[in-house]
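Scroll down for the structure; my scribbles are underneath it.
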Amino acid sequence: MNDIRTDWTREEIAVLFDLPFTELLFQAATAHRAYHKPDEVQLCTLLSIKTGGCPEDCGYCSQSVHADSGVEATKLMDVRQVLQGAAQAKDAGSQRFCMGAAWRNPKDRDMPAIVEIVKGVRDMGMETCMTLGMLTPKQADMLAEAGLDYYNHNIDSSPEYYEKAISTRKMEDRLDTLQNVRDSGINVCSGGIIGMGETREDRVGFVHTLATLEQHPESVPVNALVPVKGTILGDMLADTPMAKIDDIEFVRTVAVARITMPKSMVRLSAGRESMSEATQALCFMAGANSIFTGDKLLTAPNAGDDSDAALFERLGLKALEGEEPMRAEKSPDSRQNNIHQEALV
Ligand code: SAM
Ligand code: DTB
Ligand code: SF4
């Protein structure tokens with residue numbers, strides 16, 4: 004079956020959002036079953052390999068120097084420490100190890116250590132994912148060469164709302180990095196945050212931006228804003244309790260992401276810790292099939308293994324296992340192919 008469309012219009016996506024909830028969930032569950040087993044959920048573990056002190060001003064983030072969140076800045080962890088974390092995650096049943104750094108972009112001097120980390124984690128038999136900020140084509144190629152499986156770089160919101168949440172870089176910069184990652188042959192992980200005070204129209208624009216990329220991201224993380232005291236958006240939310248995202252609207256967003264990008268892994272990401280089991284169950288029904296495990300995200304708390312095990316038991320869900328990491332075709336050639344294609348246009 005090939006019903007993968009990249010020509011979605013905003014109007015079509017708005018119509019999906021407007022469907023009666025029962026119909027929307029039925030359509031999303033149907034799309035989910037066409038490409039995935041509905042009782043299997045991918046388990047990923049996050050580790051912050053370089054925390055805090057980030058020069059960017061993302062209004063939601065505890066790690067920005069512009070926030071007064073009390074998060075202490077650290078240096079890049081040493082390779083051994085990262086591999087210890089990966090070994091623990093593997094023992095706990097995780098398939099993917101996602102490493103995040105609070106950088107605007109990695110410096111060239113950081114790259115040898117990053118490459119060593121990717122190779123080490125990969126040798127342990129886990130899928131590797133990194134999120135290090137913006138990448139140049141050369142840096143993306145280095146990561147591809149090291150064997151990185153996925154690169155996470157979120158578009159975060161609609162193009163219109165993006166500039167209200169972040170001023171130190173543009174949506175275009177984000178899209179350029181996504182293109183560099185795609186051209187290098189690394190699988191793309193890109194999603195965003197719901198509940199930052201954006202409108203329904205912004206959520207439509209957010210899904211539309213991802214679903215009309217030339218190729219859908221292989222992973223789409225949907226985060227619910229974790230309101231952190233001392234960040235602009237966290238404080239704003241604390242002052243206006245009514246601004247918290249409605250659970251049903253969150254589930255609708257997951258469902259529309261599933262319908263428009265049926266083959267992608269849709270990750271129920273940050274914010275699960277404060278979500279009811281019933282809301283999480285609705286998200287799985289709506290096609291979410293990946294989560295972060297463990298009791299910590301990067302700096303914020305996560306649901307934790309015990310409560311997740313209990314939830315999986317109650318819902319009859321199991322960990323997705325044994326799949327070979329999805330390896331994209333190799334890099335410099337694919338960049339060359341693009342150049343050829345451009346030359347042909
Ligand atoms: N510095 C890199 C970057 O921004 O691309 C990588 C790390 S950054 C923390 C990764 C993603 O985490 C962000 O793009 C954002 O979507 C998400 N995130 C950060 N703070 C969050 C929060 N308080 N609530 C929900 N998601 C958050
Ligand atoms: C993503 O979309 N969510 C993860 C991951 N990509 C790197 C990060 C969530 C961060 C939540 C806030 C924190 O832990 O500081
Ligand atoms: Fe820095 Fe990433 Fe946080 Fe933005 S989201 S402040 S780029 S760590």
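For the sequence shown, counting from 1, position 319 maps to 322 in this note's numbering; every step adds exactly one.
Using N, Cα and C, we set each Cβ at its ideal position, and we do this for glycine too.
By a beta-carbon distance limit of 8 Å, residue 104 does not contact residue 189. Their separation comes to about 16 Å. At a threshold of 7 Å, residue 190 does not count as near the ligand DTB, since its beta carbon sits no closer than that to any of the ligand's heavy atoms.
Contact between residue 185 and residue 156 is absent: CB atoms are separated by about 11 Å, not below the 8 Å threshold.
When Cβ pairs closer than 8 Å are counted between the two stretches, the stretch 95-103 is seen not to touch the stretch 248-257, the count staying below three. Boundaries of the beta strand (DSSP E) around residue 154: 153-155. Between the stretch 265-285 and the stretch 306-314 there are three or more inter-stretch CB-CB distances shorter than 8 Å, so the stretches are counted as touching. Straight-line measurement puts the Cα of residue 261 at about 14 Å from the Cα of residue 212. Residue 34 is classed as buried because its beta carbon has at least 16 other beta carbons within 10 Å across all chains shown.
A distance criterion of 7 Å places the beta-carbon of residue 194 in contact range of the ligand DTB, judged by its closest non-hydrogen atom. Spanning the alpha carbons of residue 78 and residue 143 requires a straight line of approximately 22 Å.
Residue 99 is bridged by DSSP to 47, 130. Cβ atoms of residue 161 and residue 222 stay farther apart than 8 Å, at about 20 Å.
Counting every other CB atom within 10 Å of its CB across the protein chains shown gives residue 205 a total of 16 or more, marking it as buried. Relative to the non-hydrogen atoms of the ligand SAM, the Cβ of residue 103 comes within a distance shorter than 7 Å of at least one.
Assignment of residue 187 by DSSP, reduced to helix, strand and coil, places it in the helix class.
Per DSSP, the unbroken alpha helix (DSSP H) holding residue 237 starts and ends at 235-242. For residue 310, the enclosing alpha helix (DSSP H) covers residues 308-318. Rounded to the nearest whole angstrom, the C-alpha separation of residue 136 and residue 187 is 16 Å.
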